[in-house]
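Counting from 1, position 180 in the sequence shown corresponds to residue 213 in the numbering used here; the numbering is continuous, with no gaps. Note that beta-carbon positions come from the ideal geometry of N, C-alpha and C, so glycine has one too. See structure below.
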Amino acid sequence: MTRRDFIRAGGIGAAALVLPNIVLAQGEHDLVILNGRVLDPETKLYDVRHLGIRNGRIASISQSELKGRKSIDAKGLVVAPGFIDIIAHGHDLENDRLQLMDGVTTKLQMEAGALEVDKWYRDQFGNRMCNYGCAASHTQSRRKVMNEKDEPSSDAQVAEMARLVDAGLREGGLGVGFGLEYQPAATRWEVLEMFRVAGKYGASCHVHSRYGTLLEEQSNLTALAEVLSASLISGAPIHIVHVPSMALGSTQRALQVIEEAQAKGFDVTCDFYPYTAFGTGI
34 MTRRDFIRAG GIGAAALVLP NIVLAQGEHD LVILNGRVLD PETKLYDVRH LGIRNGRIAS
94 ISQSELKGRK SIDAKGLVVA PGFIDIIAHG HDLENDRLQL MDGVTTKLQM EAGALEVDKW
154 YRDQFGNRMC NYGCAASHTQ SRRKVMNEKD EPSSDAQVAE MARLVDAGLR EGGLGVGFGL
214 EYQPAATRWE VLEMFRVAGK YGASCHVHSR YGTLLEEQSN LTALAEVLSA SLISGAPIHI
274 VHVPSMALGS TQRALQVIEE AQAKGFDVTC DFYPYTAFGT GI
C-alpha cells in the first residue's frame, strides 16, 4: 500500500467535509456528534458541524442538527479523524492505550520496519487496540545479510537485501524503511537498489537520513541529495523522517530543498518532532 492509498481511503469523507451541508446516506444514524468543530487538514475546513455515524462510518456532515439513536454533544471540542503515527516504535497494549488518549488510532512502524513482515503482523494480531502496520526494513535486511557487520556490501549481498525487502513488501509491508544514520557503511548503490524495489510496487521510502551534522561533506543537505536522487531514478515516493534533528541549524535550508523538489513534481514529504530537543546519542 502506498501513501496515496492512505489518502484515497479517506477521500469520500474529505469530499464531504468540503461542502457546507451534505448527507451521504439516508436513514437514522447510529450515533450523531453534535456541535463539534470539525477539522480536516486536507480541505482546510475548521468550522462547527454535526456528524452522523452509521455502521461505523461517517454518513452525514451537516450544518443542521441531525438525529440518531445516540448522541454526543461535542460543543467546545474538536472532531477530527483518528491521527496516524507513522513512526511508532511502541507496539503493545500500554503504548496503544496512551496514544489513543492523544487521538492516535493508527500506528505504523515505517522508519525501522520489520524483517519478516508476515510474522510481525501475526504477532500483532489480537494483541492491539490501535490499527497497525509496518514497512519492509532495509536496516534489518542489511543486518541479517551482513551478519551485523557495518561494512560495505558486495553486489551479491545487495541482491540478497533486495530479495528480503521485496519479500517484505509482498507480505504486506506498507513501504520500505531506512535508518541510514545507523548503517553508515550502506553504499549509495545499495540504497538506490532498495529504492528500485520500492519503486516497482509504487511503495514509499521512509528515510532516517545518513548525516546529521553541519559539516559540508556530512551535512543533511548532502544526505537529502542522496535520497532525492534515488527517488528520481527509481520513481519511489519518499518521506524524510524528523527533519530538525537531522538538519539542525540548516533546517530552513533543508525545508527549502524539499519544497523546491515538491514544486518540480517530486512525491516527497517530511515530518517534525513536536518539540525542540532530542537525544538519540545520549
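- Going by C-alpha positions, Arg229 is about 22 Å away from Asp183.
- If you look at Val198, you'll find it in the alpha helix (DSSP H) that goes Asp188 to Arg203.
- By the neighbour-count criterion, in which 16 or more other beta carbons inside 10 Å mark a residue as buried, Ala310 falls on the exposed side.
- In this structure His241 is not in contact with Val198, their Cβ atoms being roughly 16 Å apart against a cut-off of 8 Å.
- Between Asp156 and Lys140, the C-beta gap is not smaller than 7 Å, which leaves the two residues out of contact.
- Here DSSP, grouped into helix, strand and coil, assigns Met279 to helix.
- In terms of Cβ geometry, Gly232 and Ser267 form a close pair [threshold 7 Å].
- Counting along the chain, Phe211 sits inside no alpha helix (DSSP H); it lies in the beta strand (DSSP E) bounded by residues Gly208 to Gly212.
- The C-beta distance from Gly206 to Cys167 rounds to 7 Å, short enough to meet the 8 Å contact threshold.
- Inter-segment contact for the region 122-131 and the region 139-154 is present: three or more beta-carbon pairs are separated by less than 8 Å.
- The alpha-carbon separation between Gln190 and Arg221 amounts to approximately 14 Å.
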